[in-house]
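To start, the structure under review is shown below, and the notes come after it.
Rendered as structure tokens:
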């Protein structure tokens, strides 16, 4: 107790500065801030899904606007990015441009969209209006979304060349994050 | 149009707050009447602008104006009107806007109440409040803008977080929580003002304590409402999980409770001024830490706003606030000279000190457990969770110890007690304590800590009731009044004291109820087909059928469970699974049958109406209802203590004649 900083009990005006308060305060404040700052660097949207490290669930889905179904199998050998999205989701608008640009830049990576809980007509109109550089697939009963454990859109999965999920990202992506996660998906290839 | 109007109001609020903060500090340093007038005007302007901005947002939400970014994020045409209204605080940007409204109301009230009082302190206090107001306005103007324009607005939005739509408690929990959280800014500003002036006079401890008590009442209710919500909605059968966000609301409550008590020592003895000011400042800092925790995404929690980019901004504010607070305390705390000495022998004074240290120990324990996973992750890169075992192990002894000092403190007299006084104060309550313990044993309590909680609960109940009645008995004896008249008189003359003991009664009931409910419950998990029955304790449950229920914003499947107790039918319970439009995972709503002795709690794990099966978690939780009742008692006690000091601030001096040896107003 003798050293505990209970300042009110100290004799008045012995000094202008109370070193005990300073030492005690800094002893609490500095480590606390250090921990918070260190953890701020971590991206909370990079979610540790139980699927990470496992083989990505297979699918074979028809693209928006018609055409032959695209399967996960057919993407083997190159990293892939699978983005679950919907036209009713505002963050999906935000990331759509970044994904479209990235798909043009990273030609060695497959980009795929999977439409989550949406109508084909509205999706088609959206893509016609905003343009896209990669296919979006229809998931009529949401089976694929369930298999991937999608909780809300946008969610994006990064898959390596061997078909394993390397990363799950919740929330809108920007170009920097896409590039960083692609690098990881490439590193994860066998 | 609406987005531009909203943004303009926010910018004006930012201007008013930053200008007012400057004027406040300048006037504090060099008092002038015109400076104080303008500090006040700008404080009122800030409040009015925040209120208007909130009105504009409500208008946009109700008219489904999807050109406003916040409405596009959380609005939906398919939700009921009440959901649209409360969407204001359902997501990050709106919640900060709402924060601004609450802040504005507090600042306006506190400024108005003290407009012609404490002239040397108040400009500084207004300066500090508006500095905080300026920071939150800045968040709304930049990093967390709710009024951005959506260039091509969608036709419909996703609707707010489904958890918000799932239960009415989620509608009232956030306003209470914000009123508690934001309100702590007011005592913080007053404490900073005391440090800046270099004095904490007897007159100024009163507004400090009252403005601490008001948000304390809100925070108490909010914490328990959050627990109640978890209990009624999340379906795991408990009310408290030591989740980081729950802890974030609990931490400032602990320090605020400690400060409310040490403020009494400041008031009565003129000691512990610096300590009290430190606790008040710490309380506010913990609310900002909590804000950071819920909005940075650094902590994972069912309650947090995870999609947020304002973490770094709040962290900078938190860091600046922490460092400035330490510097301010270091430089100025010694100027708050004590006017008396603290009794350290056996006395109420000493127990107050022990109680304060216990609360601070509790705060550090919870804080450590909350940030420890972050330490591990930073050091080793492993995600881990400290979880309940640590918190339970640490908090149970501290809780029981607090229960004990809550009995011992009020039993002892102020100043040093003789050993004769100590004996006569502490021995009689031991009888009630023993009675409680024996009663518990007869009702099958075998857990040692629960037993101890009952024992100290009995002790404290005895002391609380006799302290409660002490002035009544004295009046009956000295004035020859009947019980009711004496009660009324004593209550009027010592309303703060009465309120405090009502709070104590609620707190002791809450601790005992928590102890009993967390150790004496029974549960089972079971899979049933239609027509099958199961039994737990005295209850028999029959699964009658699974039904589909359709509402505009959700589809539900509910199980009809017929319940009987000891063969007597009690009607049906309907636990349900809800499917919201915007969410893939269904959300369950448990069915709870509450009675004064125990709750029957049914939660669905899985349900299939086609094959007619249901998977159920069934719990019998004793005394849970008493936690909610105890909280209501605590809040009521707080109000009883608050109202007279509020009203009586002007006439207080006339009524200080003590009643025949009893401590008058404010003996505890």
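Protein chains in written order, with my numbering: chain A, 1 to 190; chain B, 191 to 858. For glycine and all other residues, C-beta sits at the position ideal for the given N, C-alpha and C.
{"Check": "Would you tell me roughly how many angstroms separate the C-alpha atoms of residue 738 (chain B) and residue 779 (chain B), rounded to the nearest one?", "Outcome": "14 Å"}
{"Check": "What whole-angstrom Cβ distance do residue 542 (chain B) and residue 451 (chain B) have, given they're in contact under 8 Å?", "Outcome": "6 Å"}
{"Check": "Got a sec? Which residues, its chain only, sit under 8 Å from residue 585 (chain B) by beta carbon, not counting five neighbours each side?", "Outcome": "552, 555, 556"}
{"Check": "For a contact meaning CB atoms closer than 8 Å, what does residue 553 (chain B) contact in chain A?", "Outcome": "The premise fails here: residue 553 (chain B) is roughly 10 Å from chain A at the closest Cβ pair, so nothing lies under 8 Å."}
{"Check": "Looking only at its chain, what residues have a beta carbon closer than 7 Å to the beta carbon of residue 481 (chain B), apart from the 5 residues adjacent to it on each side?", "Outcome": "504"}
{"Check": "When we look at the beta-carbon of residue 31 (chain A) and count the other beta-carbons within 10 Å, is it buried (16 or more) or exposed?", "Outcome": "exposed"}
{"Check": "What do you get for residue 761 (chain B), buried or exposed, if any count of 16 or more other CB atoms within 10 angstroms of its CB means buried?", "Outcome": "exposed"}
{"Check": "Indicate the three-state DSSP secondary structure (helix, strand or coil) for residue 368 (chain B) in the structure shown.", "Outcome": "helix"}
{"Check": "Rounded to whole angstroms, what is the Cα-Cα separation between residue 224 (chain B) and residue 317 (chain B)?", "Outcome": "15 Å"}
{"Check": "Who are the near neighbours of residue 383 (chain B) in its chain, counting only those whose CB is closer than 6 Å to its CB and skipping five residues on each side?", "Outcome": "311, 314, 315"}
{"Check": "Examine the Cβ distances between the segment 110-120 of chain A and the segment 128-139 of chain A and report whether three or more of them are shorter than 8 Å.", "Outcome": "yes"}
{"Check": "What does the Cβ neighbour count give for residue 707 (chain B), buried or exposed, with the cut at 16 atoms within 10 Å?", "Outcome": "buried"}
{"Check": "Please list the partners that residue 16 (chain A) has in chain B, where partner means a Cβ-to-Cβ separation under 9 Å.", "Outcome": "521, 522, 524, 525"}
{"Check": "Residue 346 (chain B) touches chain A at which residues, Cβ-Cβ below 7 Å?", "Outcome": "88"}
{"Check": "Name the DSSP bridge partner or partners of residue 755 (chain B)?", "Outcome": "B:729, B:758"}
{"Check": "Is residue 39 (chain A) close to chain B, meaning its C-beta is less than 8 Å from at least one C-beta of that chain?", "Outcome": "yes"}
{"Check": "Can you give the Cα-Cα distance for residue 652 (chain B) and residue 283 (chain B), rounded to whole angstroms?", "Outcome": "49 Å"}
{"Check": "For residue 782 (chain B) and residue 685 (chain B), which I take to be in contact (beta-carbon distance under 8 Å), what is that distance rounded to the nearest angstrom?", "Outcome": "Not quite, the Cβ-Cβ distance comes to about 36 Å (not below 8 Å), so this is no contact."}
{"Check": "Starting from residue 31 (chain A), trace the alpha helix (DSSP H) both ways and give me its first and last residue.", "Outcome": "19-40"}
{"Check": "Could you say which of A:179, A:86, A:75, A:170 lies nearest to residue 164 (chain A) if we only look at CA atoms?", "Outcome": "A:75"}
{"Check": "Who are the near neighbours of residue 111 (chain A) in its chain, counting only those whose CB is closer than 6 Å to its CB and skipping five residues on each side?", "Outcome": "81, 103, 134"}
{"Check": "Starting from the beta carbon of residue 453 (chain B), find every residue of chain A whose beta carbon is closer than 9 Å, and list them in chain order.", "Outcome": "None at all; the shortest Cβ gap to chain A is about 11 Å."}
{"Check": "List in chain order: all unbroken alpha helix (DSSP H) runs of 4+ residues lying wholly within the segment 460-544 of chain B.", "Outcome": "463-485, 501-522"}
{"Check": "What would DSSP say about residue 857 (chain B), mapped onto helix, strand or coil?", "Outcome": "Confidence is the limiting factor: at residue 857 (chain B) the pLDDT is only 39, short of 50, which leaves the residue's position unreliable, though a coordinate-based value still follows. Three-state DSSP puts residue 857 (chain B) in coil, outside helix and strand."}
{"Check": "Can we count residue 716 (chain B) as close to the ligand MG, meaning its CB is less than 7 Å from some heavy atom?", "Outcome": "The ligand MG is not part of this structure, which contains no ligands at all."}
{"Check": "Determine the extent of the alpha helix (DSSP H) in which residue 281 (chain B) is found, giving its start and end residues.", "Outcome": "Premise fails: residue 281 (chain B) is in no alpha helix (DSSP H) and is neither H nor E."}
{"Check": "For residue 544 (chain B), would you say it is in contact with chain A, using Cβ-to-Cβ distances shorter than 8 Å as the test?", "Outcome": "no"}
{"Check": "Among residues of its own chain, excluding the 5 on either side of residue 519 (chain B), which ones have a beta-carbon nearer than 8 Å to its beta-carbon?", "Outcome": "385, 464, 467, 468, 471"}
{"Check": "Determine which residues share a DSSP beta bridge with residue 85 (chain A) and list them.", "Outcome": "A:115"}
{"Check": "So, do the segment 647-663 of chain B and the segment 685-698 of chain B have three or more beta carbon pairs nearer to each other than 8 Å?", "Outcome": "yes"}
{"Check": "Please go through the same chain and pick out, in chain order, the residues whose beta-carbon is closer than 7 Å to the beta-carbon of residue 363 (chain B), but skip the five residues on each side of it.", "Outcome": "412, 415, 416, 419"}
{"Check": "Counting only beta-carbon atoms, is residue 35 (chain A) nearer than 8 Å to chain B?", "Outcome": "yes"}
{"Check": "Residue 290 (chain B) and residue 277 (chain B) - do their beta-carbons sit closer together than 8 Å?", "Outcome": "no"}
{"Check": "Is the shortest distance between the beta-carbon of residue 561 (chain B) and the beta-carbons of chain A less than 8 Å?", "Outcome": "yes"}
{"Check": "On the DSSP bridge list, what partners appear for residue 745 (chain B)?", "Outcome": "B:740, B:769"}
{"Check": "Could you work out which residues of chain B lie near residue 109 (chain A), taking near to mean beta carbons separated by less than 8 Å?", "Outcome": "Those within 8 Å of residue 109 (chain A) in chain B number zero; the least Cβ separation is about 25 Å."}
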